[in-house]
Amino acid sequence: MKNEIVVISGIVLDESIRLSLVELCQFAKASQEYVIEMVEEGVLDPEGSSIHNWRFDHKALKRLQIALRLQQDLGLNLPGSALVLDLLEEMEQLRRKLQS
Amino acid sequence: MEYKDYYKIMGLSRNATPDEIKRAYRKLARKYHPDVSKEVNAEAKFKELGEAYEVLKDPKKRQAYDQIGRDWQHGQPFTPPPEWHTASDFGKGFGGIHGGGFSDFFEALFGQANRQGADAGAGAYGRQFHAHGSDQHARILIDLADAFNGGERLITLNMPQMDSQGRVIAKMRTLNVKIPKGIKAGQRIRLIGQGDPGMGGGDNGDLYLEVEFNPDRYFHAEGRDIFMELPVTPWEAALGATVPVPTLGGRVELKIPPGSQAGKQMRLKGRGLPGTPPGDQYVTLKIVTPTPKTERAKALYEQMAKEMPMDPRTEMGRR
């Protein structure tokens, strides 16, 4: 194999990113049913009044990906992973405060 | 390749029951899960643990693994016995949730048998075996200057790749990633198709890079805003002065108004990380008093004490 290095640029998932339900599922390789369940549980909080115009931001994508991993790897259920997500975010905030 | 002692990895004895194996896995998985753990090497440990569990939870695989014998030491050079591939058939079920990231040792023992099983299955049903590669997640540390200027950065990732026989081998992979100007800590970059390879025509997974900043001697960032402490002399603070201040984009001059106190915060608009709108730089004054080294310097302090008496602690009350 040649050791050639190609410069790769990616998409920055910043505040401006908005994903539809279909896009979010594509990004995270999740099923729509599962995402809908997460919205109903209050783990994800999309903008938009109905499922057809739901828009998810970059934080939702991250939460969804972590929740999927927690459920696969640790066998957590949805409310359990919701709790862990909230605690992880709180920890992250505290960690940043400590650093500053 | 090296022998892996899966029992040792999971902290179990060789006669552990399936329940004990499951319990040990759950406990260690919580400890080393990359999303939750702050342990060093959590990711590598978690992978190793997943591999050990994959073998020990499956009675067939565990039995085959036990057959290799107990005389091996963890990390000892290892070659599978010649009769190995005919001795066992692990059927289908290649991949699973941990697919792709296992060691050479695991692949030598179980990988090829698994692939044969998968291929045979594909033949029987006339369908192709294919699977989507999984997404990879990694944290990258960059300097604040990189975020300010943008640019390219080499990152090294441990990624499994497929060799010509379709076996998965661990490879270090170096990517030259473009860092966009104005990226913030905690933000992620998605590189499509740069994750784990798919199989049999399945798409590659994606690679997510989460950006963190290396600690900087002077600056720290909150979002796009930059914070720093600026040392000033008592006379600069008292009389006012124009002093040079470092920013990520180079030096600027900051006007300190007369009568400034320690802790006063001043804003340099638009001097933070670039963006729309760009961040600001906040400068907090820190008054540094010179140590009187000569009699004359001491006399100056005494003169100040006499001519400008003050008690900065009046509001603290008495205890």
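Chains A and B, in that order, give the protein sequences.
For the first sequence, my numbering gives the first residue as 180, with consecutive numbering after it.
For the second sequence, my numbering gives the first residue as 573, with consecutive numbering after it.
Glycine included, C-beta positions come from ideal geometry on N, C-alpha and C.
Keep in mind that this is a model prediction, so the values were computed, not measured.
Short CB-CB distance (under 8 angstroms) between residue i and chain B
i, result
"A/D236", "no"
"A/V191", "yes"
"A/Q272", "no"
"A/S188", "yes"
"A/L257", "no"
"A/V218", "no"
"A/L267", "yes"
"A/Q278", "yes"
Any C-beta of chain A under 8 angstroms from that of residue i
i, result
"B/R711", "no"
"B/D718", "no"
"B/G667", "Note that B/G667 scores a pLDDT of 36, beneath 50, so its modelled location is shaky; the value from the coordinates is reported in the next line. No - not a single Cβ of chain A is within 8 angstroms of the one on B/G667."
"B/D607", "yes"
"B/E626", "no"
"B/H646", "no"
"B/I714", "no"
"B/R839", "no"
"B/L763", "yes"
"B/E623", "no"
"B/A685", "Confidence at B/A685 is low in this model, with a pLDDT of 41, below 50, so the placement of that residue should be treated as unreliable; the coordinate-derived value is given next. Judged by the 8 angstroms Cβ criterion, B/A685 is not in contact with chain A."
"B/Q766", "yes"
"B/E724", "yes"
Inter-residue CB distance, residue i and residue j (contact presumed, cutoff 8 angstroms)
i, j, result
"B/M838", "B/V855", "5 angstroms"
"B/P884", "B/Y873", "Rounded, the Cβ-Cβ distance is 15 angstroms, inconsistent with contact."
"B/E724", "A/V186", "6 angstroms"
"A/H237", "A/L192", "4 angstroms"
For residue j and residue i, the rounded distance between their alpha carbons
i, j, result
"B/F720", "B/P803", "24 angstroms"
"A/L247", "B/Q639", "35 angstroms"
"B/P631", "A/P258", "32 angstroms"
"A/L243", "A/I230", "17 angstroms"
"B/E879", "B/K870", "14 angstroms"
"B/M771", "A/K208", "16 angstroms"
"A/I190", "B/I755", "11 angstroms"
"B/L811", "B/G835", "16 angstroms"
"B/V974", "B/E620", "Only positions 573 to 891 of chain B appear in the structure, and residue 974 of chain B is not among them; the question remains open."
"A/E202", "B/S585", "47 angstroms"
"A/I215", "B/D778", "23 angstroms"
"B/P649", "B/G851", "54 angstroms"
"A/Q272", "A/G254", "26 angstroms"
"B/T819", "B/Q766", "35 angstroms"
"A/R234", "B/Q759", "19 angstroms"
"B/G693", "B/D775", "For B/G693, the pLDDT reaches just 34, beneath the cut-off of 50, and the residue's location in the model is therefore unreliable, although a value from the coordinates is still provided. Between B/G693 and B/D775, the C-alpha separation is close to 21 angstroms."
"B/R843", "B/A614", "37 angstroms"
"B/G847", "B/R796", "8 angstroms"
"A/D265", "A/G221", "11 angstroms"
"B/E794", "B/A809", "26 angstroms"
"B/K576", "B/F799", "48 angstroms"
"B/E887", "B/P829", "25 angstroms"
"B/N748", "B/L763", "11 angstroms"
"B/A717", "B/L840", "17 angstroms"
"B/F791", "A/E212", "45 angstroms"
"B/L826", "B/R789", "20 angstroms"
"B/F785", "B/I751", "12 angstroms"
"A/N256", "A/V218", "15 angstroms"
Beta-ladder partner(s) of residue i, from DSSP
i, result
"B/D797", "B/E794"
"B/M771", "B/A703"
"B/T814", "B/K827"
"B/T746", "B/T728"
"B/P649", "B/E574"
"B/V804", "B/I859"
"B/Q837", "B/T856"
"B/T563", "This structure leaves residue 563 of chain B out entirely; chain B is present only between 573 and 891."
"B/I764", "DSSP lists no partner for B/I764."
"B/G723", "B/I751"
"B/R595", "Answer is none; B/R595 lacks a bridge partner."
"B/R711", "B/E782"
"A/E271", "Per DSSP, none; premise fails for A/E271."
"A/E226", "A/R234"
Heavy atom of the ligand PLP within 7 angstroms of residue i beta-carbon
i, result
"B/P850", "Looking at this structure, you won't find the ligand PLP or any other ligand, since it has none at all."
Which residues of the region 744–759 of chain B have a Cβ closer than 7 angstroms to any Cβ of chain A? Give them in chain order. Cβ contacts with chain A come from T746, L747, N748, V749, K750, P752, I755 and Q759.
Looking at chain A, which residues of the region 582–605 of chain B have a Cβ within less than 9 angstroms of any of its Cβ atoms? Those residues of the region 582–605 of chain B that come within reach of chain A (Cβ to Cβ, closer than 9 angstroms) are R598, A601, R602 and H605.
Can you give me, in chain order, the residues of the region 223–254 of chain A that have a beta carbon less than 9 angstroms from any beta carbon in chain B? Answer set for the region 223–254 of chain A: H237, L240, K241, Q244, I245, R248, L249, Q251, D252, L253 and G254.
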